[in-house]
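> Residue numbers (our numbering), protein chains in the order written: chain A, 1 to 97; chain B, 1 to 97.
Protein chains: 2
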Amino acid sequence: MKIDIENINKAFENRIRLGIMSVLMVNDKIDFNTMKELLNLTDGNLASHITGLEKQCYINVSKQFVGKKPNTTFEATPEGKLAFKTHLNALEKLIKG
Amino acid sequence: MKIDIENINKAFENRIRLGIMSVLMVNDKIDFNTMKELLNLTDGNLASHITGLEKQCYINVSKQFVGKKPNTTFEATPEGKLAFKTHLNALEKLIKG
DNA sequence: ATTTTTAACTTTGCATTACAAAGTACTTTT
DNA sequence: AAAAGTACTTTGTAATGCAAAGTTAAAAAT
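1) On the three-pair Cβ rule with 8 Å, is the region 61-75 of chain A touching the region 42-57 of chain B?
2) As an exercise, report each continuous alpha helix (DSSP H) stretch of at least 4 residues that is fully enclosed by the region 8-49 of chain B, in chain order.
3) So, helix, strand or coil for I127/A, using DSSP?
4) May I ask you to list, following chain order, the residues of the region 9-22 of chain A that have a beta carbon less than 8 Å from some beta carbon of chain B?
5) Between R17/B and the rest of its own chain, which residues show a CB-CB distance below 8 Å, the 5 nearest in sequence each way excluded?
6) Using only the alpha-carbon positions, how far apart do T86/B and T73/B sit?
7) Whose Cβ in chain B lies nearer than 9 Å to the Cβ of L46/A?
8) For the candidate residues D4/A, N71/A, A76/A, whose alpha-carbon lies nearest to that of L24/A?
9) Can you find a C-beta in chain B that's less than 9 Å from the C-beta of I95/A?
10) State yes or no: is the beta carbon of K2/A nearer than 9 Å to at least one beta carbon in chain B?
11) Between which residues of its own chain and K81/B is the CB-CB distance below 7 Å, once the five residues before and five after are set aside?
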């Protein structure tokens with residue numbers, strides 16, 4: 001009865017990144033400020049977690065103008081979605097002994 | 001659609017502590033070395049996470065002799081079980097958007 | 001009797017992480 | 001011109017994670 005702790009992805013251990021990914025599994029695209037409010041974060045904190053996930057290629061960040069305001073949006077990559085699902089499976093297995 | 005990230009307990013964020021608690025939800029008591037092997041940890045690493053969980057009163061640690069060997073066992077406190085369940089509920093909610 | 005092993009830590013040292021707060025740059029609204 | 005919004009980056013500090021080595025004490029082996 002050895003326990004599978006390897007498939008628990010370090011990138012998703014943190015609750016903020018867990019939150020970000022959860023949001024991005026349900027919402028195709030979401031912008032900076034919406035995410036910030038959903039998760040109740042400071043700008044800097046969100047930005048840094050986003051950078052982390054982007055570096056691992058789990059999300060894509062794109063910038064455009066909406067009306068005349070700059071707008072940054074996030075979306076999960078296929079790779080990110082897969083990794084997150086794997087993570088959730090590992091979590092589930094772990095919890096169910 | 002604000003997201004509940006507060007009920008995600010920081011004490012259980014780490015995968016090792018998550019593993020420890022999962023094991024202790026299923027197994028009433030478990031000893032140091034069994035836990036160590038289950039989770040594939042070094043002595044020091046297990047000891048430090050155990051100390052963390054004990055300080056929060058989520059687990060109890062007891063020592064006795066089995067045969068003639070010292071034996072340390074862990075068990076989750078009622079408080080710990082409740083906190084862990086709350087954590088899992090928060091996780092589930094989060095994941096299901 | 002002395003060495004080795006087992007159990008369970010504690011300490012050390014280093015690298016990483018988390019996060020608030022302040023600062024930056026550029027734009028737009030007032 | 002001043003204030004506010006968007007999206008960062010930088011700074012500073014504290015906490016975390018973890019392997020590896022060291023410690024203590026009892027037990028088993030030689």
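Just so you know, even glycine gets a beta-carbon here, dropped at the ideal spot from N, CA and C.
The structure says:
1) Contact annotation: the region 61-75 of chain A does not touch the region 42-57 of chain B, with fewer than three C-beta pairs closer than 8 Å.
2) Listed in chain order, they are 15-26, 32-39.
3) The question about residue 127/A has no answer, for chain A in this structure spans 1 to 97.
4) The residues in question are K10, E13, N14, R15, I16, L18, G19, S22.
5) So the list reads A11, H49, G52, L53, once near-sequence residues are dropped.
6) Between T86/B and T73/B, the C-alpha separation is close to 24 Å.
7) At a C-beta separation below 9 Å, L46/A has no neighbours in chain B, since its nearest C-beta there lies roughly 12 Å away.
8) Nearest option by C-alpha distance: A76/A.
9) I95/A counts as touching chain B.
10) True, the Cβ-Cβ gap to chain B drops below 9 Å.
11) Apart from sequence neighbours up to five positions away, the residues of its chain that approach K81/B with a beta-carbon distance below 7 Å are M25, ordered along the chain.
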